[in-house]
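Residue numbers (the numbering used here): -14 to 111. Ideal placement from N, C-alpha and C gives every residue a C-beta, glycine not left out.
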């Protein structure tokens, strides 16, 4: 049975008394770069929150054999990471706590796909 595309009929928002979803604000160049790093599943990003409340977002940069660079921790800009967290584009995982700090895994939020609508079978005339 071949699949068919069903387009939803949309009415004017005023007629249905619903609001349109707000578009996400455009990202700055620094925010887009941070989101690119966080979204890469091969690069685990963490945020460390110290007892005084200071936060540091960082990830491990592996050693690049071609350039000889890497093999160190790299800090991400805290202001941009906080903006992405406040906008709901990144989330924090379960806390790992020790006496001096708490560490969270940072992951990018995946936008959920819309619900799939089944094709309705229409009654056929005889």
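For residue i, does the count of other Cβ atoms within 10 angstroms reach 16, so buried, or fall short, so exposed?
i: residue 95; result: exposed
i: residue 74; result: buried
i: residue 66; result: buried
i: residue 107; result: exposed
Classify residue i as helix, strand or coil using the three-state DSSP reduction.
i: residue 90; result: strand
i: residue 21; result: helix
i: residue 36; result: coil
i: residue 6; result: With a pLDDT of 46 at residue 6, under the threshold of 50, the modelled position of that residue is not reliable, and no figure is offered here.
i: residue 63; result: helix
Bridge partners for residue i per DSSP, in chain order?
i: residue 30; result: 44 and 91
i: residue 76; result: 92
i: residue 12; result: In DSSP, residue 12 forms no bridge with anything.
i: residue 57; result: 46
i: residue 81; result: 88
Looking at C-alpha atoms only, which residue of the options is the closest neighbour of residue i?
i: residue 59; options: 67, 68 and 47; result: 47
i: residue 36; options: 73, 74, 22 and 88; result: 88
i: residue 32; options: 110, 41, 62 and 26; result: 41
i: residue 19; options: 54, 86, 57 and 64; result: 64
i: residue 28; options: 53, 57, 108 and 44; result: 44
i: residue 26; options: 90, 107, 109 and 108; result: 90
i: residue 17; options: 108, 62, 109 and 77; result: 62
i: residue 72; options: 52, 86, 93 and 21; result: 93
Would you say the stretch 11 to 20 touches the stretch 76 to 85, given that touching needs at least three Cβ pairs under 8 Å?
-> no
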